[in-house]
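Residue numbers (the working numbering), protein chains in the order written: chain A, 24 to 258; chain B, 24 to 258. Quick reminder that beta carbons are idealized off the backbone N, C-alpha and C, glycines included. In what follows, a structure is listed as structure tokens, so that the remarks can point back to it.
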DNA sequence: CCAAAAGTGTTTTCGTTACACCCATGC
DNA sequence: GCATGGGTGTAACGAAAACACTTTTGG
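This is the structure in structure tokens:
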């Protein structure tokens, strides 16, 4: 692998120094439960950060694509295969990891908590309300905030929120998810209008069961009908 | 560095395998010249891609922050220090680099081409019109497109375009830059309205010189007055 | 009958777009 | 005087926001 100096476009590289950096992937796995946006975390057990919350991550293997590494982490921790996953940012401060030079690429993911079996809860693997987290190990709080911000931007014009819900859901549940993510209250009539206008929903002609009030209709996501918003300056 | 397995949050890692991945940074350095959006490129000299255009990049050094690496590349190639630089995405397909496993984090940068001295034009370092590039070495065309797309999104509501222009510029020049980036024609009156509304400009009470028509006023960027647009769903 | 949420349209507001004429300069 | 772009305002349109009452169900 010394050839990298001779054959690459990088110029005058010398030696194995460049292989003293490890690359990891950290996943911010969002879920929605009890009306709150939650994130899947573990308790950190390295001495510098003992007891603090930590995201789920792992080093990237030499023979695996970066994206594959994030899918692997998700699969290992949640058992889920086909999930929404989006790369957000790579954090590479020299001192971000006490054990050595580790650069991490972060992803956020949206899953339905009811699909996840947290059977082996090693290191107290659990769902934690995003709004209750004010401290984490490493730079994971920064990462969490970056991913949450990216999610907020994303939901504005992309129908990704459906990944947090079961296949069948009511408009109220859908609105609750948006409110949890954006941390605001939304107008119910305008909310409904928007979704019907976007044509993102399919009416299933079924009603909610076991609710202590008038049951709402159930919908599923209409994957086919997604179109982007027009941009501001491009006429 | 074996400790990483014991002390980190990563779990059951074994050995030095994880240090067989190199990390690089690639910079998409945009400039504006002759009415066109251009990018600073070199000719690739590794055998698999000989003669193809390549972005400017280098491996990240073990003791340098990721962001610092991108600033270093920029400084080494352009001599410029204080420039706009934004991380875009990290590309990590196993086979993206023929010389071995190299994962690259990409940045885009906006500079004023007239500030850049391409004195030592090694490997034919030059400004190339973005729209004329249909093939590059490695996955650099994908990277270029990702950065161009990010730039398009960015200029919609962030005043970053000023970085491509000299300190003093006319509204026509400013509009030309937007048109080059977005690849559309814009309405002149609405364009002016937008900028005055945003309060992004300071009227310098000077006029263009040596233009073969009525000279336009010159402006500079008003860094203080930047505010974001409101988002769609958050009322 | 009471509580709780479902369902439903219209008006107002505001930002975006479209559009045409006179002006200043160089040649 | 002619070519080139500079400078300017208004009307139409469309998207988003504000807003209240009736209906359905469970208890």
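Margin query: Contact criterion: CB-CB distance below 8 Å. Does residue 116/B meet it with respect to chain A?
Written below: At least one chain A Cβ lies under 8 Å of residue 116/B.
Next item on the list: Pull out every residue of the region 221-247 of chain A whose Cβ sits closer than 7 Å to any Cβ of chain B, in chain order.
Entry: Of all residues in the region 221-247 of chain A, none has a C-beta nearer than 7 Å to a C-beta of chain B.
Checklist line | For residue 45/B, the three-state DSSP class (helix, strand or coil) | finding: Here residue 45/B sits in strand by DSSP.
Notebook entry, point to check: If you count every other CB in all the chains shown that lies within 10 Å of the CB of residue 102/A, and 16 or more means buried, which is it?
Noted result: Exposed is the label assigned to residue 102/A, since fewer than 16 other Cβ atoms lie within 10 Å of its Cβ.
Notebook entry, point to check: Taking DSSP as the reference, what is the three-state secondary structure of residue 240/A?
Noted result: Residue 240/A: strand per DSSP, three-state reduction.
Next item on the list: Within 10 angstroms of the Cβ of residue 81/A, are there 16 or more other Cβ atoms? Answer buried if so, exposed if not.
Entry: Burial call: buried.
Notebook entry, point to check: Under 7 Å Cβ-Cβ, which residues of chain A neighbour residue 165/B?
Noted result: Contact note: residue 165/B does not reach chain A at a C-beta cutoff of 7 Å; the least C-beta distance is about 13 Å.
Notebook entry, point to check: What does residue 198/B reach in chain A if we use C-beta pairs closer than 7 Å?
Noted result: The premise fails here: residue 198/B is roughly 10 Å from chain A at the closest Cβ pair, so nothing lies under 7 Å.
Item checked: Distance between residue 66/B and residue 245/A (C-alpha atoms, nearest Å) -> Roughly 46 Å between the two C-alpha positions.
Checklist line | For residue 235/A: DSSP bridge partner residues | finding: Note: residue 235/A sits in no beta bridge, so no partner.
Notebook entry, point to check: Taking residue 119/B as the reference, which of 185/B, 59/B, 161/B and 55/B has the closest Cα?
Noted result: Looking only at 185/B, 59/B, 161/B and 55/B, the smallest Cα-Cα distance to residue 119/B is reached by 161/B.
Notebook entry, point to check: In the region 118-140 of chain B, which residues sit with their C-beta less than 8 Å from some C-beta in chain A, listed in chain order?
Noted result: Against chain A - using a Cβ distance shorter than 8 Å - the residues of the region 118-140 of chain B are 120, 121, 122, 123, 124, 125, 126 and 128.
Item checked: Neighbour-count burial assignment, residue 122/B, 16 or more Cβ in a 10 Å radius -> By the 10 Å Cβ count, residue 122/B comes out buried.
Check: Could you give the uninterrupted runs of the alpha helix (DSSP H) lying entirely in the region 111-138 of chain B, keeping only those of 4 residues or more?
Finding: For the region 111-138 of chain B, not a single whole alpha helix (DSSP H) run of length 4 or above is found.
Check: Per DSSP, what kind of secondary structure is residue 9/B in: helix, strand or coil?
Finding: Not covered by the structure: residue 9/B. The range shown for chain B is 24 to 258.
Note to self: Measuring only the C-alpha atoms, how far is residue 114/A from residue 238/B?
What the structure shows: Cα atoms of residue 114/A and residue 238/B: separation of roughly 47 Å, rounded to the nearest angstrom.
Notebook entry, point to check: Do we get a CB-CB distance below 8 Å when we pair residue 174/B with the residues of chain A?
Noted result: No, no contact with chain A.
Note to self: If the cut-off is 9 Å on Cβ atoms, which residues from the region 82-94 of chain B count as contacting chain A, listed in chain order?
What the structure shows: Cβ contacts with chain A: 82, 83, 84, 85, 86, 87, 88, 89, 90, 91 and 92.
Notebook entry, point to check: Looking at the C-beta of residue 101/B, does it have a partner C-beta in chain A at a distance below 8 Å?
Noted result: No, no contact with chain A.
Next item on the list: Please state if the CB of residue 60/B and the CB of residue 166/B are separated by a distance shorter than 8 Å.
Entry: In terms of Cβ geometry, residue 166/B and residue 60/B do not form a close pair [threshold 8 Å].
Note to self: Taking 6 Å as the limit between beta carbons, can you name the residues of its chain near residue 58/A, skipping five residues before and five after?
What the structure shows: Cβ-Cβ distances below 6 Å link residue 58/A to 199 in the same chain, with the five nearest sequence neighbours on each side left out; the list follows chain order.
Notebook entry, point to check: Can you list the residues of chain B that residue 142/A reaches, using a CB-CB cut of under 9 Å?
Noted result: The CB of residue 142/A never comes closer than 9 Å to any CB in chain B; the least such distance is about 17 Å.
Checklist line | Burial state of residue 186/B, where buried means 16 or more other Cβ atoms lie within 10 Å | finding: Within a 10 Å sphere around the beta-carbon of residue 186/B sit 16 or more other beta-carbons, which makes this residue buried.
Margin query: Is residue 195/B a contact residue of the ligand FAD, with contact defined as CB to any heavy atom under 7 Å?
Written below: The ligand FAD is not part of this structure, which contains no ligands at all.
Item checked: Residue burial classification, residue 219/A (beta-carbon count within 10 angstroms, cutoff 16) -> Answer is exposed; the Cβ neighbour count stays below 16.
Item checked: First through last residue of the beta strand (DSSP E) which encompasses residue 64/A -> Run containing residue 64/A: 59-66, per the beta strand (DSSP E) assignment.
Margin query: For residue 52/A, list the residues DSSP reports as bridge partners.
Written below: Here residue 52/A is bridged, per DSSP, to 132/A.
Notebook entry, point to check: Between residue 88/A and residue 117/B, which are expected to be in contact by the criterion C-beta below 8 Å, what is the C-beta distance as a whole number of angstroms?
Noted result: Yes, they are in contact, since the Cβ atoms of residue 88/A and residue 117/B sit about 5 Å apart, within 8 Å.
Notebook entry, point to check: DSSP on residue 86/B, reduced to helix/strand/coil?
Noted result: DSSP places residue 86/B in coil when its eight states are reduced to three.
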